[in-house]
Ligand SMILES: C[S@@+](CC[C@H](N)C(=O)[O-])C[C@H]1O[C@@H](n2cnc3c(N)ncnc32)[C@H](O)[C@@H]1O
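Residue numbers (our numbering): 39 to 314.
This is the structure in structure tokens:
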């Protein structure tokens, strides 16, 4: 069985797209490192994680959030979203970047259904990428900033941007000609029970939608709206998995978790776009 580090090197070889964050030259394997022609070196750790950030970034996206998120995914609450993404991708061999991949669940879903597809997952949160490296798929997991991706121009046939701030210029740069951006963003009913529990208004979906259509041409779209019945345990995981609660203390999250609703609504727009 391949080690996590070897899986990363294999994925990097298949994709052939890594570029040095210092000088932009191609990076290739050199022992346990990646190195470029100008002898800049980056370590790939034993956990199969490549980190190109010069300094660690603090965020609300921590290990507890991703552990709860994984349980919500494993309960099947986002299966319809993953299926919608898959249905919007043309039946070809793909090189996919999951930009802001979080714990990598969507990329793993796609790669596990398509043996000849290759993928990279990029996220600024180290906790996210460490969780992603536990997944069975062979992918290039990288801690980096979406505003400065360590990938050569035209590297990917598809970029997924799922509930993550967009970096449209970088997405355009790393997409191959004719490549697709898959953008997933909230509809007004998304997590409405959790928002109601905090007396928050519904999501305002117009702004993201208008900005997307300014930057790209939507060539296919689906709206996924499903209301799931949830157990008190799953409600608790929803409370802990969403950045909606990032301003709350642990005690306040636990208090919300102790007043469960019976259902949680997933309402997401899934759009396939050509960058303009
Ligand atoms: C709401 S989560 C979505 C994660 C994943 N796409 C999903 O749907 O489960 C947003 C993700 O964007 C990442 N993120 C936010 N800003 C980023 C940036 N500048 N560069 C890379 N990742 C970023 C966060 O670390 C987090 O994992």
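Quick reminder that beta carbons are idealized off the backbone N, C-alpha and C, glycines included.
- Nearest to residue 160 by C-alpha distance, out of 305, 143, 150, is 143.
- Contact between residue 229 and residue 303 holds, with the beta-carbon distance rounding to 7 Å and staying under 8 Å.
- Closest in alpha carbon position to residue 283, among 300, 299, 141, 235, is 235.
- Between the alpha carbons of residue 209 and residue 96 lies a gap of roughly 24 Å.
- Going by C-alpha positions, residue 51 is about 30 Å away from residue 308.
- The criterion of a C-beta distance shorter than 8 Å is not satisfied by residue 46 and residue 91.
- By the criterion of a C-beta distance shorter than 6 Å, residue 190 is surrounded in its chain by 55, 57, once the five residues flanking it on both sides are discounted.
- Counting only residues of its own chain and dropping the five nearest sequence neighbours on each side, residue 225 has a CB closer than 8 Å to the CB of 241, 243, 261, 263, 305, 306, 307.
- Ligand 1 approaches residue 143 closely enough that one of its heavy atoms is under 7 Å from the residue's Cβ.
- Taken through DSSP and simplified to helix, strand or coil, residue 223 comes out as strand.
- Annotation: the continuous alpha helix (DSSP H) that includes residue 279 extends over 270-279.
- Under the three-state reduction of DSSP, residue 243 is assigned to coil, being neither helix nor strand.
- Judged by their CB atoms, residue 298 and residue 278 are not nearer to each other than the 8 Å cut-off.
- Using a C-beta cut-off of 8 Å, the stretch 122-133 makes no contact with the stretch 62-74, since fewer than three inter-stretch Cβ pairs fall below that distance.
- When distances are taken from the beta-carbon of residue 109 to the heavy atoms of ligand 1, even the shortest one reaches 7 Å or more.
- Around the C-beta of residue 213, 16 or more other C-beta atoms lie within 10 Å, and the residue is accordingly described as buried.
- Here residue 238 is exposed: its Cβ has fewer than 16 other Cβ atoms, across all protein chains shown, within 10 Å.
- Ranked by Cα distance from residue 78, the options 59, 84, 93, 69 are led by 59.
- Here residue 49 is near residue 176, since their CB atoms are less than 8 Å apart.
- Distance from the C-beta of residue 196 to the nearest heavy atom of ligand 1 is not below 7 Å.
- In this structure, residue 165 sits near residue 99, with a CB-CB distance shorter than 8 Å.
- Sequence-distant partners of residue 108 (beyond 5 residues in either direction) whose C-beta falls short of 8 Å from its own C-beta, in its chain, are 141, 143, 169.
- In this structure, residue 223 has its beta carbon at no less than 7 Å from each heavy atom of ligand 1.
- It is roughly 43 Å from the alpha-carbon of residue 292 to the alpha-carbon of residue 72.
- DSSP places residue 110 in the helix class (H, G or I) of the three-state scheme.
- Sequence-distant partners of residue 312 (beyond 5 residues in either direction) whose C-beta falls short of 6 Å from its own C-beta, in its chain, are 255, 257.
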